[in-house]
Amino acid sequence: MSDCLFCGIVAERIPAIRIAETDRAIAFMDIFPAAPGHALVIPRVHTDDALTATDEDLAACLQLAARVGRAAVEQLGATGVTFQSLARPDAGQTVFHLHVHVIPRVAGDGFAFPWPHAEGDLAELEGQAARLRMAL
Ligand code: AMP
Ligand code: ZN
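Here is the structure:
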């Protein structure tokens, strides 16, 4: 897509600090890092998000993201890694080309989960599970 920022990075029209590439995916540094070593992994072929991606591109992105995460553990001293991919504006997505955030983590880094971790109502969980199963 000609007006897509990350397609511009794939095509090298827009500069990026690349760290790894495969035939389907590219990893590069996030320029507004949430933590030291924060990287992004994207498919070469445009797709808006994980909801629209092919199985092949999803697999390629997660495989490369895992490699980048292992590198962060080996080289940057990360003791954990957050893998995150937002889909659509209501989930907070701001760049509409699928990307997996690879965020190196350490104990006490203050990178909080955004949800409250309250125990769910079992009947509600069963009802939601039944509806999800119908679509899977
Ligand atoms: P999201 O909010 O999940 O859509 O994340 C988009 C990410 O892209 C943010 O973390 C931005 O910091 C990052 N970003 C935006 N523009 C660039 C760029 N030119 N190079 C690298 N990362 C970028
Ligand atoms: Zn794109």
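With this note's numbering, the residue at position 117 of the sequence shown is 106, and numbering never jumps.
Yeah, the Cβ is synthetic: ideal placement off N, Cα and C, and Gly gets one too.
{"query": "Pocket of the ligand ZN (residues with CB nearer than 5 Å to any heavy atom), chain order", "result": "Met(-10), Cys(-7), Phe(-5), Cys(-4), His35 and His86"}
{"query": "Cα-Cα separation between Leu114 and Phe102, rounded to whole angstroms", "result": "21 Å"}
{"query": "Near the ligand AMP: Phe72 beta-carbon under 7 Å from a heavy atom", "result": "no"}
{"query": "8 Å Cβ cutoff, Ser74 in contact with chain D", "result": "No chain D is part of this structure, which consists of one protein chain only."}
{"query": "One or two residues paired with Thr71 in a DSSP bridge", "result": "Ile92"}
{"query": "Three-state secondary structure (DSSP) of Phe102", "result": "coil"}
{"query": "Residue burial classification, Leu125 (beta-carbon count within 10 angstroms, cutoff 16)", "result": "exposed"}
{"query": "For Phe17, the three-state DSSP class (helix, strand or coil)", "result": "strand"}
{"query": "Cross-strand partners of Ala28 (DSSP beta bridge)", "result": "Met18 and Val91"}
{"query": "Alpha-carbon spacing of Glu45 relative to Ala119, whole angstroms", "result": "28 Å"}
{"query": "The beta strand (DSSP E) enclosing Ala23, as first and last residue numbers", "result": "No beta strand (DSSP E) holds Ala23; DSSP gives it neither H nor E."}
{"query": "Nonlocal neighbours in the same chain, by C-beta distance under 8 Å from Gly58, ignoring five residues either side", "result": "Ala67, Val70, Phe72, Val91 and Pro93"}
{"query": "One or two residues paired with Arg56 in a DSSP bridge", "result": "DSSP output for Arg56 lists no bridge partner at all."}
{"query": "Cβ pair Ile6, Gly(-3) closer than 8 Å", "result": "no"}
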